[in-house]
Amino acid sequence: MNRVVATVLAVGLVVSAAACGDDDDESGGGSEGGGSSGGALDTGQEDIRAVPEEYDTIQEAVDAAEEGDLVLVSPGVYKEAVTVETDDIVIRGLDRNDVILDGEFEKDNGIRVLEADGVAVENMTARNYTTNGFFWTGAEGYRGSYLTAHNNGDYGVYAFDSTVGLFEHSYGSGSPDAGFYIGQCYPCDAVMRDVVAENNGLGYSGTNAGGNLYIVDSVFRQNRAGIVPNSGSYELYPPERETTIVGNLVYSNNNYETAAIDSARLAGGNGILVAGGNDNVIERNLVFDHDIAGIAVVLIDDAEAPGGYYWPSGNVVRGNVVEDSRLADLGVVQEADGGNCFADNEFATTAPTNLETLLPCEGTGSGNPDEGALDIGRLATMDGKPESGVYQDMPIPDDQENMPDADSADWEPAGAPPEVDVDAIEVPDKP
Amino acid sequence: MHRALSLVGTGLLAATLTLAAACGEDDNADDGSELEDVVSIDGSEADVKVLDNTFNDENISVASGTKVVWTNDGRQDHDIIPNDDGDWGVDPDDFEAGAVYEHTFDEPGTYRYYCSLHGSETSGMIGAVVVEEP
Numbered sequence: 001m002n003r004v005v006a007t008v009l010a011v012g013l014v015v016s017a018a019a020c021g022d023d024d025d026e027s028g029g030g031s032e033g034g035g036s037s038g039g040a041l042d043t044g045q046e047d048i049r050a051v052p053e054e055y056d057t058i059q060e061a062v063d064a065a066e067e068g069d070l071v072l073v074s075p076g077v078y079k080e081a082v083t084v085e086t087d088d089i090v091i092r093g094l095d096r097n098d099v100i101l102d103g104e105f106e107k108d109n110g111i112r113v114l115e116a117d118g119v120a121v122e123n124m125t126a127r128n129y130t131t132n133g134f135f136w137t138g139a140e141g142y143r144g145s146y147l148t149a150h151n152n153g154d155y156g157v158y159a160f161d162s163t164v165g166l167f168e169h170s171y172g173s174g175s176p177d178a179g180f181y182i183g184q185c186y187p188c189d190a191v192m193r194d195v196v197a198e199n200n201g202l203g204y205s206g207t208n209a210g211g212n213l214y215i216v217d218s219v220f221r222q223n224r225a226g227i228v229p230n231s232g233s234y235e236l237y238p239p240e241r242e243t244t245i246v247g248n249l250v251y252s253n254n255n256y257e258t259a260a261i262d263s264a265r266l267a268g269g270n271g272i273l274v275a276g277g278n279d280n281v282i283e284r285n286l287v288f289d290h291d292i293a294g295i296a297v298v299l300i301d302d303a304e305a306p307g308g309y310y311w312p313s314g315n316v317v318r319g320n321v322v323e324d325s326r327l328a329d330l331g332v333v334q335e336a337d338g339g340n341c342f343a344d345n346e347f348a349t350t351a352p353t354n355l356e357t358l359l360p361c362e363g364t365g366s367g368n369p370d371e372g373a374l375d376i377g378r379l380a381t382m383d384g385k386p387e388s389g390v391y392q393d394m395p396i397p398d399d400q401e402n403m404p405d406a407d408s409a410d411w412e413p414a415g416a417p418p419e420v421d422v423d424a425i426e427v428p429d430k431p
Numbered sequence: 001m002h003r004a005l006s007l008v009g010t011g012l013l014a015a016t017l018t019l020a021a022a023c024g025e026d027d028n029a030d031d032g033s034e035l036e037d038v039v040s041i042d043g044s045e046a047d048v049k050v051l052d053n054t055f056n057d058e059n060i061s062v063a064s065g066t067k068v069v070w071t072n073d074g075r076q077d078h079d080i081i082p083n084d085d086g087d088w089g090v091d092p093d094d095f096e097a098g099a100v101y102e103h104t105f106d107e108p109g110t111y112r113y114y115c116s117l118h119g120s121e122t123s124g125m126i127g128a129v130v131v132e133e134p
């Protein structure tokens with residue numbers, strides 16, 4: 001499918017048609033995934049559901065949409081909570097910063113996609129929802145592009161029990177849990193790239209996620225903790241595993257003013273924290289200015305886990321640049337045969353000491369794992385951890401970059417995410 | 001507590017529903033669609049874990065008079081909303097992480113429910129209690 005969105009002029013024509021009573025939503029004007037090309041008011045145009053020109057609300061347009069349609073939203077503040085249950089539609093705002101879904105701290109989710117495959121949401125803002133800004137669950141195929149989510153009560157941009165996805169060019173702030181979340185999926189077959197998370201409890205959380213899952217070329221700053229893939233029995237399918245975290249800029253995640261759930265309070269002061277996850281690859285990230293650890297691989301206690309803990313194993317931490325961590329730039333707490341390894345990183349301190357000698361990625365390690373061991377107590381206790389702030393009061397972000405040519409670009413439902421050339425990704429520059 | 005996985009199809013369930021309807025209890029009548037992976041639970045009490053964002057087990061069958069206990073073992077708020085607007089269920093304010101909600105089902109029928117925060121009547125975070133004659 002490769003169609004061209006009509007210009008504003010064309011939308012105007014659609015409005016005119018609607019005014020003449022031709023807005024029959026049941027007319028079958030949609031092409032059911034066909035590929036008519038736009039530019040004229042024909043069947044292609046009928047695939048466009050314009051809000052508010054044709055439909056008063058986004059929900060009405062979504063309910064009318066057929067597979068392959070575009071719901072095109074003009075600037076305005078939409079005080080609604082939208083549920084999507086139709087496969088393969090695209091919901092696009094004409095201006096990311098001026099198409100605003102507002103939950104008024106009363107409604108639950110800005111846009112939630114319930115078991116609908118292939119739904120893409122583009123170029124808009126969701127704010128002030130009691131749970132999530134943008135939420136996919138039970139979907140095969142999802143995409144969020146040029147989204148802004150701020151001051152939402154759980155997550156900003158959230159994919160749960162969903163696979164084959166892409167989050168890109170998006171921004172999440174002011175959530176007590178995570179700005180971005182991909183959870184309960186294996187293999188996830190998903191990519192998160194070029195996103196910014198700040199002022200959240202966690203920048204990224206990925207409970208029980210993994211398998212062909214890439215978090216790349218993104219920024220995680222001034223959250224309580226930056227990137228936190230973890231295992232937990234409070235979702236299905238533990239443990240977390242096989243997430244590739246490469247080329248990210250992770251800094252100053254010591255923001256104790258954020259709203260924060262308890263696990264975010266516990267994790268505060270860490271840049272990248274693998275909590276009970278396995279076989280993750282953490283490479284070529286720039287990580288600096290953290291009160292606890294720059295990159296740490298640790299266990300997590302969980303009453304439902306075998307033996308009461310999820311232990312980390314098989315994680316590879318290689319080629320990162322880590323600076324200015326008050327406890328340790330690199331750290332690990334593992335079982336004796338954990339198989340986690342550290343190599344080719346630039347750093348000043350580790351816990352235990354001489355970590356790259358102790359746990360190399362090639363050959364046999366040597367040294368004393370008890371010497372300078374990571375003080376897991378700094379992570380495991382809530383004592384002294386600052387209380388949560390109030391998500392409603394978190395800073396309102398500046399305007400974010402718009403999707404190019406939102407009024408004329410082709411639209412396409414979510415499909416397979418792009419291949420990630422991991423080897424081509426370099427350590428990002430310092431801001 | 002005995003738990004057994006079964007597929008409730010058109011046999012016993014349909015008969016149960018037919019009986020319920022005949023007795024004037026069609027408020028609980030199912031829509032006829034088939035529930036899959038129904039876990040049968042014996043005893044006077046049946047536990048359902050409420051995770052993020054799943055009822056586990058999603059579909060259970062119990063004898064009438066059984067108390068069903070939902071425990072929010074997730075990190076997030078959830079609610080329990082009966083599809084048929086029955087006079088049971090719990091709001092999110094009363095069902096935060098760690099909270100427990102219980103309800104005793106005395107009448108046979110199929111009681112479908114969902115979490116309105118993470119699902120709808122038909123998709124997402126949904127569940128069902130099939131109540132059978134003891």
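Line order of the protein sequences matches chains S and L.
Taking my numbering, the leading residue of the first sequence gets 1, the next gets one more, and so forth.
Taking my numbering, the leading residue of the second sequence gets 1, the next gets one more, and so forth.
All residues carry an ideal CB built from backbone N, CA and C; glycine is no exception.
Check, Outcome
"Residue from Gly141/S, Arg127/S, Asn230/S, Gly174/S with nearest C-alpha to Leu299/S", "Asn230/S"
"Test: Ile261/S CB closer than 8 Å to a CB of chain L", "yes"
"Meets three-Cβ-pair contact criterion under 8 Å: the region 95 to 113 of chain S and the region 70 to 82 of chain S", "yes"
"Element boundaries [alpha helix (DSSP H), containing Ser263/S]", "262 to 267"
"Ile182/S, buried or exposed, once every other Cβ within 10 Å from all chains shown has been counted against 16", "buried"
"Residues in the region 125 to 151 of chain S having any Cβ partner in chain L nearer than 7 Å", "Thr131, Thr137, Gly138"
"Check whether Lys385/S and Gly268/S have beta carbons under 8 Å apart", "yes"
"CA-to-CA distance, Ser64/L to Glu107/L, given in whole angstroms", "6 Å"
"Alpha helix (DSSP H) segment containing Thr163/S, residue limits", "Counting along the chain, Thr163/S falls outside any alpha helix (DSSP H), though it belongs to the beta strand (DSSP E) covering 163 to 173."
"C-alpha gap between Val287/S and Gly271/S, whole angstroms", "6 Å"
"Spatial distance of Arg92/S from Asp47/L (CA atoms)", "43 Å"
"For Met124/S: DSSP bridge partner residues", "Leu147/S"
"Nearest-angstrom Cα separation, counted from Asp87/L out to Ala126/S", "33 Å"
"Straight-line Cα distance separating Tyr113/L from Ser44/L", "21 Å"
"Span separating the alpha-carbon of Thr83/S from that of Ala120/S", "13 Å"
"Touching by the beta-carbon criterion (3+ pairs, under 8 Å), the region 357 to 364 of chain S and the region 136 to 145 of chain S", "no"
"8 Å Cβ cutoff met for Gly118/S and Pro417/S", "no"
"Asn83/L: contacting residues in chain S (beta-carbon distance under 9 Å)", "Result: empty, since nearest Cβ-Cβ is about 15 Å, beyond 9 Å."
"Ile396/S classed as buried or exposed, judged by whether at least 16 other C-beta atoms fall within 10 angstroms", "exposed"
"Same chain, Cβ closer than 7 Å to Gly98/L, five either side skipped, listed in chain order", "Asn72"
"DSSP bridge partner residues for Asp102/S (one or two, in chain order)", "Arg127/S"
"8 Å Cβ cutoff, Phe160/S in contact with chain L", "yes"
"Pairwise C-alpha distance: Glu346/S and Glu323/S", "8 Å"
"Buried versus exposed call for Ala303/S [16 or more other C-beta atoms within 10 Å across all chains shown]", "exposed"
"Status (buried if at least 16 other CB within 10 Å, exposed otherwise) for Gly124/L", "buried"
"Residue range of the unbroken alpha helix (DSSP H) whose run includes Ile58/S", "58 to 64"
"Whole-Å CB distance - Gly338/S paired with Ser366/S, under 8 Å assumed", "Between Ser366/S and Gly338/S the Cβ distance is about 16 Å, and since that is not below 8 Å, they are no contact."
"Residues near Gly294/S in its chain [Cβ-Cβ closer than 6 Å; skip 5 each side]", "Gly271, Val287, Val322, Ser325, Asp329"
"Nearest neighbour of Ala406/S, chosen from Thr86/S, Asn97/S, Tyr129/S [CA to CA]", "Asn97/S"
"Near-chain L residues of the region 80 to 114 of chain S - C-beta to any C-beta below 7 Å", "Thr83, Glu85, Asp108, Leu114"
"Unbroken beta strand (DSSP E) run spanning Leu286/S, endpoints", "286 to 290"
"Glu46/S (DSSP reduced to helix, strand or coil)", "helix"
"Bridge-paired residues (DSSP) for Pro82/L", "Tyr113/L"
"is_contact[Asp302/S, chain L] using C-beta, thresh 8 Å", "no"
"Arg378/S, enclosing alpha helix (DSSP H) - first and last residue", "377 to 380"
"Neighbourhood of His118/L by C-beta, 6 Å cutoff - its chain only, sequence neighbours within 5 removed", "Asn53, Gly124, Met125"
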